[in-house]
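Visitor: Numbering (the numbering used here), first residue to last: 38 to 202. Pasting in a structure now, in structure tokens, and then I'll have a few things to ask.
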Ligand code: UDP
Ligand code: MG
């Protein structure tokens, strides 16, 4: 059965020109790219995306990171939807461990990430960590019409297709 994940090239990855490399790594898998958009990250989107981490001491810095405030106000990120068998496992392996210093050296985070002096992990990409998170995140970052396959149920409101839950 296919799994669906959200991948984000974070501001450090965008600023340093790693988007093409990340795409190449995913193209080496059998996962299908079924959605992609350049997104300007507003505070509300960043806070909703990372809502489950709001009690963490690094939360404020993390939100600033995703909004590009640590990277020359690089507030545009590339959000991608990949779909396929074991997408979570394959995507997380390409990404590597959350902490770039502990990530496998050939992973994206291990080869291109860093830890700031304030302790924020600048780790180049986000990858959904399970299928439930993938669904929540894809629905947050994309409308149904922006995803090229029918991955989740939709409903009509005012003649517009919206996610049904
Ligand atoms: N993060 C951090 N310090 C930590 C843990 C997480 O700066 O000790 C940041 C890092 O950018 C990470 C994001 O918070 O990617 C989300 O954390 P999560 O635990 O979900 O890790 P991920 O799923 O991204 O590997
Ligand atoms: Mg996570």
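We put the beta carbon where it would ideally sit given N, CA and C, even for glycine.
Is residue 49 buried or exposed, if buried means 16 or more other CB atoms sit within 10 Å of its CB?
Guide: Taking the chain shown and counting its residues from 1, the one referred to as residue 49 is at position 12. Its Cβ being crowded by 16 or more others within 10 Å, residue 49 is buried.
Visitor: What is the DSSP secondary structure of residue 59, reduced to helix, strand or coil?
Guide: The count along the chain shown starts at 1 and reaches residue 59 at position 22. In this structure, residue 59 counts as helix in the three-state DSSP scheme.
Visitor: By Cβ distance, which residues of its chain are closer than 7 Å to residue 98, with the 5 residues on each side in sequence left out?
Guide: Working through the chain shown from its first residue, we reach residue 98 at position 61. For residue 98, where only same-chain residues beyond five positions count, the Cβ hits under 7 Å are 155, 157.
Visitor: Can you tell me the Cα-Cα spacing of residue 123 and residue 112, whole angstroms?
Guide: Start at 1 with the first residue of the chain shown, and residue 123 comes out as number 86. Start at 1 with the first residue of the chain shown, and residue 112 comes out as number 75. Residue 123 and residue 112: Cα-Cα distance of roughly 30 Å.
Visitor: The ligand MG heavy atoms versus the CB of residue 202: any closer than 6 Å?
Guide: Locating residue 202 in the chain shown gives position 165, counting from the first residue. Result no, Cβ not under 6 Å from the ligand MG.
Visitor: Which two residues bound the contiguous alpha helix (DSSP H) that contains residue 146?
Guide: Position 109 of the chain shown, counted from the first residue, corresponds to residue 146. Segment 145-149, the alpha helix (DSSP H) holding residue 146.
Visitor: Mapping the DSSP letters down to three states, classify residue 41 as helix, strand or coil.
Guide: As a working note, residue 41 is residue 4 in the chain shown. DSSP places residue 41 in strand when its eight states are reduced to three.
Visitor: Would you identify the three-state DSSP class for residue 134, choosing helix, strand or coil?
Guide: Locating residue 134 in the chain shown gives position 97, where the first residue counts as 1. Reduced to three states, the DSSP call for residue 134 is coil.
Visitor: With DSSP run on the structure shown, which of helix, strand or coil describes residue 140?
Guide: Here the question's residue 140 lines up with position 103 in the chain shown. Note: residue 140 maps to coil in three-state DSSP.
Visitor: For a test of your reading of the model: does the CB of residue 154 fall under 6 Å from any non-hydrogen atom of the ligand UDP? Yes or no.
Guide: In the chain shown, residue 154 corresponds to position 117, counting from 1. Residue 154: no, Cβ never under 6 Å from the ligand UDP.
Visitor: With respect to 6 Å, is the separation between the Cβ of residue 144 and the closest non-hydrogen atom of the ligand MG below this value?
Guide: The residue labelled residue 144 in the question sits at position 107 within the chain shown. Checking every heavy atom of the ligand MG against the Cβ of residue 144, none is found closer than 6 Å.
Visitor: Using a threshold of 7 Å, state whether the C-beta atoms of residue 129 and residue 137 are closer than that.
Guide: Mapped onto the chain shown, residue 129 falls at position 92. Mapped onto the chain shown, residue 137 falls at position 100. No; because the gap between Cβ atoms is not below 7 Å, this pair is not in contact.
Visitor: Considering Cα atoms alone, identify which of 64, 133, 197, 102 is closest to residue 153.
Guide: The residue you call residue 153 lines up with position 116 of the chain shown. That would be 102, whose Cα lies nearest to the Cα of residue 153.
Visitor: Just to confirm, does residue 135 get its C-beta within under 6 Å of one of the non-hydrogen atoms of the ligand UDP?
Guide: For the purposes of this step, residue 135 is taken as the residue at position 98 of the chain shown. Residue 135 Cβ: within cutoff of the ligand UDP.
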